[in-house]
Amino acid sequence: MKKIFNGLFYFFKFILLIAAFGLTLFVLIRMNVRLEKNMISILPELIPFVILLIIFIINMAFKQVGVIKNLFYNLTCCLVFATIICVALRAVFDTNMVLNEKYGYGIDFNFFDNFIAYIKIMLYGLLIANILFMFREKDDIKSNELNEV
Amino acid sequence: MKKILLDYANTFAYTVIGLVFGLAFFLLFINFYHMQELDTRVDVVSYNANNKTQVEEKIAIIKNNISVYNQTAYNGPLNIYGLNTVQIKLQNCLEILESEEMMRYLELTEIGIKDSYHFSLDFKNKILNDCLVMQIKSIFNTDTVATLPNFNVIKPYVELNLDTLLGSVDYIQSNIENSDHYHFNTDNNRANFFNLVDDSYAGVMNNYQSSLDLMVEVSNWYRSIVIGG
């Protein structure tokens, strides 16, 4: 059962990461177009997504069991990305938030803007934990090899 | 030593993940709660029926009061330019009050947050700006009206009420606009403090009724000077 759930969350975390990245990019680009700001200014918000994707690919390529088989980590990743998607979708589609209508841009930037700090905290948290789980895995493998010798 | 450090690193990683899990869980569910809260619909059938009756009664009083003056038939001593001005301005206000845009709020059976917000905006634009400021306030800044009896009695009363009414819905509008910033709230404290949809609508409606009361008072003054004069 645990294996099935882990596989499910592991699969979904890639899809949700791409969806969360796409939606965040869409909202941030629209926000910068409105403010007539340089697109380079949105990079700090997107860097954690890119690094996380690279690390996920490294986890997959090197079959890092400490991360891949960590149910709690995969579940948390899915929850974080689902939260980001939920907030981005609300910023676009929740017309009950009156500022969306008042400013007439079709996106409630005010609402999304409040959330950017939380996005960064959660994504950098996932990054730090992933890197630490990688070290743990190496250590376990080495210990097992030594025991076998 | 290295193993101990790695054990600590593992514990730290789980702590970080635990905190991230908690934060994401909180934000996800508070978003659902906030979405649900903003989507609240309130039944206002009986509330609006009562208010509509009161509004119609007050409009009928104003109409009746301003119809006592007829320029062609008037033979009294008062300045007819002053009387004409007051009649025309009150008539303009009546047209705004009876307009479809304002009356439709009294015919709603169910309201949401957007209805409350639009009501507060329309009240500010049409009743406060177009009617009270542009018509009623301007009556009392006209030289010909200043010659009418009891002008000095009614003028401070109108100005005091206007000052109170002009800022009366600002806090309601700000409250609704600030509702985009979500915060943790429960049904209990929401009921005790401020129900955004219901209380905002009632707040604007109370001010709408107060504006009508002010116009009734002005029209009563007008009637008394026309008949008395």
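Just so you know, the sequences run in chain order Z and W. Per our numbering, the first sequence starts with residue 1, numbered consecutively. Per our numbering, the second sequence starts with residue 1001, numbered consecutively. For each residue, glycine too, the CB sits at the ideal point set by N, CA and C. Note that the structure is a prediction, hence the values are computed from the model and not measured.
Chain W contacts from the segment 49-62 of chain Z (Cβ-Cβ distance under 7 Å): none
First and last residue of the uninterrupted alpha helix (DSSP H) at serine 1099 of chain W: Annotation for serine 1099 of chain W: no alpha helix (DSSP H) segment contains it, and DSSP assigns it neither H nor E.
Closest Cα partner of glutamate 1098 of chain W within the set W/Cys1131, W/Val1169, W/Asp1170, W/Glu1217: W/Cys1131
Runs of alpha helix (DSSP H) lying entirely within the segment 25-97 of chain Z, each at least 4 residues, in chain order: 43-61, 65-68, 71-93
Beta-carbon spacing of phenylalanine 115 of chain Z, asparagine 74 of chain Z below 8 Å: no
Partner residues on chain Z for isoleucine 1017 of chain W, Cβ-Cβ distance less than 8 Å: Phe72, Tyr73, Thr76, Gly125, Leu126, Ala129
Min CB distance leucine 1128 of chain W to chain Z below 8 Å: no
Glutamate 1107 of chain W, DSSP secondary structure in three states: coil
Status (buried if at least 16 other CB within 10 Å, exposed otherwise) for glutamate 1037 of chain W: buried
CB contact flag (isoleucine 42 of chain Z, leucine 53 of chain Z, <8 Å): Going by C-beta atoms, isoleucine 42 of chain Z is not nearer than 8 Å to leucine 53 of chain Z.
Closest residue to valine 67 of chain Z among Z/Phe49, Z/Ala129, Z/Ile119, Z/Cys78 (Cα-Cα distance): Z/Ala129
Spatial distance of leucine 1160 of chain W from glutamine 1209 of chain W (CA atoms): 16 Å
Inter-residue CB distance, leucine 126 of chain Z and threonine 76 of chain Z (contact presumed, cutoff 8 Å): 7 Å
Beta-bridge pairing of valine 1042 of chain W - partner residues as DSSP gives them: W/Ile1111
Simplified DSSP state of glutamine 1036 of chain W, which is helix, strand or coil: helix
Helix, strand or coil at threonine 1147 of chain W [DSSP, three-state]: coil
Minimum Cβ-Cβ distance from phenylalanine 135 of chain Z to chain W less than 8 Å: yes
Given arginine 34 of chain Z as reference, the closest of Z/Asn70, Z/Cys78, Z/Met1, Z/Ile107 once Cα atoms are compared: Z/Ile107
Cutoff 8 Å: glutamate 1110 of chain W Cβ touching any chain Z Cβ: no
CB contact flag (isoleucine 1066 of chain W, leucine 1148 of chain W, <8 Å): no
Option nearest isoleucine 1061 of chain W by Cα separation, candidates W/Met1001, W/Val1020, W/Leu1090, W/Asn1031: W/Leu1090
Which of helix, strand or coil DSSP assigns to serine 1029 of chain W: A small correction: the amino acid at residue 1029 of chain W is phenylalanine; serine does not occupy that position in the sequence shown. Secondary structure at phenylalanine 1029 of chain W: helix, using DSSP grouped into helix, strand and coil.
Span of the alpha helix (DSSP H), counted from its first residue to its last, around serine 1210 of chain W: It spans 1196-1228 - the alpha helix (DSSP H) in which serine 1210 of chain W sits, taken as one unbroken run.
Below-8 Å beta-carbon distance, tyrosine 1201 of chain W vs any chain Z residue: no
Contact list for the segment 1033-1049 of chain W against chain Z, Cβ threshold 7 Å: Met1035, Leu1038, Asp1039
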